[in-house]
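Contents: one structure, followed by commentary.
Residue numbers (the numbering used here): 57 to 203.
Dropping the structure here:
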């Protein structure tokens, strides 16, 4: 099974030297019943620094395609990917297979591995000895627009 040609990723390195911070309310917001405001205690946050636990091995990657929609990863979402993390079963990874990048869930079985889509319109990719596979990095966050 080959990777569909319409699955493309755009890579970006984080700008860790920026001084650009956005307002941040560290107290959080209630997702259940509303809670009283604590004077809207506002500080700032730099998302490059917050989302990059290993800055030299972290990249932002823009998704093109919909093979992972059931995992909450949609077309045009931005993934935060850490290349220093070890691949593990059932984790979502950026994979370089047979000359193309794709984002898939890793499934490891006794005698083989699969790259699993999270959309039933796509088929799993069985990794065999005939494939050239590199697990390029592990997805740590998904940044998305809800509008």
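Note that CB positions come from ideal geometry on N, CA and C, so glycine has one too.
- Ranked by Cα distance from residue 111, the options 102, 168, 118 are led by 102.
- Counting C-beta atoms within 10 angstroms of its own C-beta, residue 140 has fewer than 16 neighbours from the protein chains shown and is therefore classed as exposed.
- In the three-state reduction of the DSSP assignment, residue 138 falls in the strand class.
- Residue 161 is positioned such that its CB atom lies closer than 9 Å to that of residue 149.
- Less than 9 Å divides the Cβ of residue 134 from the Cβ of residue 117.
- For residue 103, the enclosing alpha helix (DSSP H) covers residues 103-107.
- Look at residue 127 here: in three-state DSSP terms it is helix.
- By a beta-carbon distance limit of 8 Å, residue 147 contacts residue 194. Their separation comes to about 6 Å.
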